[in-house]
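>
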Amino acid sequence: MSHDPHLLRTVRTGFVLLALSLPLGLTLEALHAWKVEVYLGSALRRELWTLAHAHGNLLGLLLLVFGSLGERWMPSEAARARAARALRLGAVAMPLGFFLGGVMNREGDPSLGIALVPLGGLALLYALLCAARASRAA
Amino acid sequence: MGSASSVSAPARLLALFALAPLAVLLGLAIGPDPAALRAAAPLVHREGGYIGSGSCLACHPDQHASWSRTYHATMTQRPEPQRVRGRFDGAELAYLDQRAVPLERAGKFIFRIDDGVRAREAEVAKLVGSRRYQQYFERIGTGEDDASFRRLPWLWHIEAERWLHVNTIFLGPDDATPDAHLSRWNENCIFCHNTAPRPGMEIDRAPAEARFDSEVAELGIACEACHGPGAAHAARHRDPLARYLQSAEADPTLVDPARLDASRASAVCGQCHAQRLPDPAQRIRDFLTKGPSYRPGDRLEDHVKPLQRDTPPLPGASEHLFADRFWADGTPRLSAYEYQGMLSSPCFRGGELSCLSCHAMHRGDPEAQLAPEKPGDALCTSCHAEIGRDVAAHTKHAPDSPGSRCVECHMPRIAYGILDLHRSHRIEVPDPKRDAELARPNACTLCHLDRSSLWAVSERARLWGLDATPPASRGDGAPLELPDALAQLLSGDAVQRAVAARAFGRPDAATPARERAAQVTALLLTLGDGYPSIRWIAKRSLEQLEAQLSLGLGAELAQFDTLRGLDERRRRLEILLEALARRAPARFDAPRADDPMLAPDFRWKRERVLPLLDLQTAKSRILSIGE
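Here's what the structure looks like:
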């Protein structure tokens, strides 16, 4: 296990993300089981929260993988730090944006919280570029 | 400290796990409730256990999607831009001395109307219809407790992509009266174009001053129109344990028409597809205040009396009020009487036929909503299997010809509605003798367009060994020797003429196209009919024949507008007749010397035709029926 503080923080964030997203999935399943119409009756809310659940889990797993293996193929600590920060930011912003987008949403549009999704997407893209460059240099 | 840390870690984890569910609960609590929003929409009620199709969507997305693509779903709509089909482009519309300009202003749809009496603007507040044509309604009620809507005089024909005046879609003569058909939504359309209607009429007022606090469970024909109110069903199935413990038996909290007996299943459709009166008729006040009492699963006849030919007319109304809507043998001749037709069919009376034997509400083509697993003749041969095994032995026609299609003989297009002719839902054996004597179109001669009733009777006797007794006379007074469809078109009443005009355009008629010069000429003469809806059907048939035969009349036909004034129409008609006489020799076989309609030079025989047209005006009363 790495002792790089950036990677350790990334692993912790990954666990937290999973600890939030897994119960979110269970909660959504419960809403289905009890046919809670305020959730099921809004197709947009269902889609956004399902996306929040899926992105939270997948990005949480990605953070765990990055935190565990990042040091192997990214020897530059500075590059690791940049990529880890951007990855954490994107991994949190994206599911949070999907979730908030489905809170005060209108019938046809998500609420303004959805703005976090493209920001998170950009952060993830930046993390990918940093990681790619760093691994190429290695 | 070590032990304090070990206690706090699981607590922190637990808090973390609880965060998402708490956030969900908070989000649901502060976010909008879609069901509450739908219930709070104008004109919507939630009484009687109705919850609206949005609540069904939550658990039945496939059924909701299959319903959403039907025309039932879009029967009544609010005037949102994506739902308005008409062209509100500011171009002027004209019919007789009626004028209007449809235009869009600031997202609203407006008619600037000049009906010859006064000029005004009317804003579209409601849309009715989405398949054949779309009608427009303005709100005339003032105040929150008066939701009255009135039909505007212009409608958009979706297929033809043009405006029509409402007076021209009925089977009635040209009529410049501005408000001849400007009915109120609240006491007419509301009943069959919406779910769980409650007209809310204030009954103590004079009819002209009537006010309506109308509400419906849902605009359009939605889930609960056929399945009944859904609140009890939704409540029962909210508990997942109860859901999974429920047996495969029918759910008593909701109606599945497929599980009902044939009569009750058909009543679900019959609540709208059967023109009817409250029974007893005195209950009309209840209908106009609280709405129909029928609920899916009931016997329809416990609530209403479906109209029949012998239904006594309403007090003060014409003695023909209801009789005109049926052929003389009681077969319905307008649409929206399918239930009466089906109930009088031997397949229902002696069998197990129901509407659902042929129609599927959640499957197949939304146009006819026929069961896709029974294509074509399989609708009939799924029961009449022995006929299906050797169709030609039953039909005595080539197996791949229209004469071997079940519906062509047993469900001919003899019911008028919405500017078209629809299949009779009284499934029966063709009887040319009866039909000639009763002035009713006949399935045989609607295909064999150049043949008389006498021929049809003798062929029926030859092919099937049935009674060969010829008809004593024709009910419409035309000579028996005349081709039956031609006699109907020239001498029949309005419904007969409409049926024949439609038949003359059919591309699959048994009469070869090159031998149909007489029918083309008759159709051209029908462009002079006094009923605009019949002119419309005749023109459409001519357009079909033009496409089949390349008559060279396309340009002249396009110039003929069935809504124009008499002088203009007459001028255009003479041009068309002249053009046909010029071009016919190259496209048609020469008329026989004894042709009842045409001289050898393809000009119509005035001395033969005019007496037939006189029969039309002398014998038939003016009809004004059937939208």
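So the protein sequences, as listed, match chains A and H.
Going from the first sequence to my numbering is simple: count from 1 and add 22.
Going from the second sequence to my numbering is simple: count from 1 and add 35.
Even for Gly, the Cβ is constructed at its ideal location relative to N, Cα and C.
Are residue 89(A) and residue 33(A) closer than 8 Å when you measure CB to CB?
Yes, the Cβ-Cβ distance between residue 89(A) and residue 33(A) is below 8 Å.
> Counting only Cβ-Cβ distances shorter than 9 Å, please list the residues of the stretch 38-53 of chain A near chain H, keeping chain order.
Within the stretch 38-53 of chain A, the qualifying residues are 38, 41, 42, 43, 44, 45, 46, 47, 48, 49, 50, 52, 53.
> How far does the alpha helix (DSSP H) with residue 193(H) in it reach, from first residue to last?
Run containing residue 193(H): none; DSSP gives neither H nor E here.
> Could you compute how far the alpha carbon of residue 334(H) sits from the alpha carbon of residue 297(H)?
Each residue's alpha carbon lies about 11 Å from the other.
> Among 552(H), 186(H), 492(H), 234(H), whose alpha-carbon lies nearest the alpha-carbon of residue 322(H)?
Here the closest residue by C-alpha is 234(H).
> Cα separation between residue 123(A) and residue 65(A)?
Taking the straight line from one Cα to the other gives about 13 Å.
> Determine, using beta carbons only, whether residue 742(H) comes closer than 8 Å to chain A.
Residue 742(H) lies beyond the residue range present for chain H, which begins at 36 and ends at 662; the question has no answer from this structure.
> Along chain H, which residues have their Cβ under 9 Å away from the Cβ of residue 126(A)?
What residue 126(A) touches in chain H: 62, 65, 66, 67.
> Between the stretch 164-177 of chain H and the stretch 518-529 of chain H, do at least 3 Cβ pairs fall closer than 8 Å?
Judged by Cβ distances under 8 Å, the stretch 164-177 of chain H makes no contact with the stretch 518-529 of chain H, as fewer than three pairs qualify.
> Please determine if the stretch 142-159 of chain H and the stretch 181-188 of chain H are in contact, where contact requires at least 3 C-beta pairs separated by less than 8 Å.
As far as the Cβ criterion goes, the stretch 142-159 of chain H touches the stretch 181-188 of chain H, which means the pair count is three or higher.
> On the three-pair Cβ rule with 8 Å, is the stretch 196-216 of chain H touching the stretch 564-575 of chain H?
Judged by Cβ distances under 8 Å, the stretch 196-216 of chain H makes contact with the stretch 564-575 of chain H, as three or more pairs qualify.
> Taking only three categories from DSSP, how would you classify residue 69(H)?
DSSP places residue 69(H) in helix when its eight states are reduced to three.
> One question on the structure: do residue 265(H) and residue 91(H) come within less than 8 Å of each other, judged by their Cβ atoms?
Against a cut-off of 8 Å, the Cβ pair of residue 91(H) and residue 265(H) comes out as a contact.
> Quick one: grab the DSSP three-state call for residue 445(H).
Correct three-state label for residue 445(H): helix.
> Using DSSP's beta-bridge definition, name the partner residues of residue 312(H).
DSSP output for residue 312(H) lists 340(H) as bridge partner(s).
> Of all the CB atoms in chain A, is at least one closer than 8 Å to the CB of residue 79(H)?
For residue 79(H), the answer is no, since every Cβ of chain A falls outside 8 Å of its Cβ.
> Tell me residue 487(H)'s beta-bridge partners as DSSP assigns them.
In the DSSP output, where bridge partners are listed per residue, residue 487(H) has 518(H).
> DSSP has residue 500(H) in a bridge; who is on the other side?
Answer is none; residue 500(H) lacks a bridge partner.
> Can you tell me whether DSSP reads residue 21(H) as helix, strand or coil?
Summary: the structure shown does not reach residue 21(H), with chain H confined to residues 36 through 662, and so no result is reported for it.
> What three-state label does DSSP hand residue 623(H) in the structure shown?
Residue 623(H): coil per DSSP, three-state reduction.
> Which one or two residues does DSSP pair with residue 111(H) in a beta bridge?
Partner(s): 163(H).
> Counting C-beta neighbours from all protein chains within 10 Å, is the total for residue 59(A) 16 or more, i.e. buried, or is it exposed?
It is buried - the Cβ of residue 59(A) has at least 16 other Cβ atoms within 10 Å.
> I want to verify the contact list: residues of chain A whose CB lies under 7 Å from the CB of residue 90(H), in sequence order.
The contacting residues are 59, 63.
> Leaving out five residues before and five after residue 69(H) in sequence, what residues of the same chain have Cβ atoms less than 8 Å from its Cβ?
Only 89 meet the Cβ criterion.
> Nearest-angstrom Cα distance between residue 116(H) and residue 447(H)?
Going from the Cα of residue 116(H) to the Cα of residue 447(H) covers about 39 Å.
> What three-state label does DSSP hand residue 27(H) in the structure shown?
A question about residue 27(H) goes unanswered here, because the residues of chain H that appear run from 36 up to 662.
> Residues of chain A with a CB under 8 Å from the CB of residue 94(H): which are they?
Under the 8 Å cutoff, chain A gives 57, 62.
> Taking its Cβ as the centre, do 16 or more other Cβ atoms sit within 10 Å of residue 39(H), making it buried, or is it exposed?
Residue placement at residue 39(H) is poorly supported in this model, since its pLDDT is 47, which falls under 50; the coordinates are not used for a value here.
> If we ignore side chains and look at the alpha-carbon of each, how far apart do residue 25(A) and residue 98(H) end up?
Each residue's alpha carbon lies about 56 Å from the other.
> Which partner residues does residue 137(H) have in the DSSP bridge list?
146(H), per the DSSP bridge assignment.
> Write down every uninterrupted run of the alpha helix (DSSP H) in the stretch 27-71 of chain A whose length is 4 residues or greater and which is fully enclosed by it, in chain order.
27-55, 59-62, all fully within the stretch 27-71 of chain A.
> Which of the three DSSP states is assigned to residue 153(H) in this structure?
Looking at residue 153(H) - three-state DSSP - the assignment turns out to be coil, as it is neither helix nor strand.
> So the alpha helix (DSSP H) residue 279(H) belongs to, where does it begin and stop?
Segment 275-280, the alpha helix (DSSP H) holding residue 279(H).
> Classify residue 223(H) as helix, strand or coil using the three-state DSSP reduction.
Reduced to three states, the DSSP call for residue 223(H) is coil.
> Anyone know if the C-beta pair for residue 420(H) and residue 406(H) falls short of 8 Å?
Contact: no.
> Between residue 121(A) and chain H, is there a C-beta pair that is closer than 8 Å?
Closer than 8 Å: yes.
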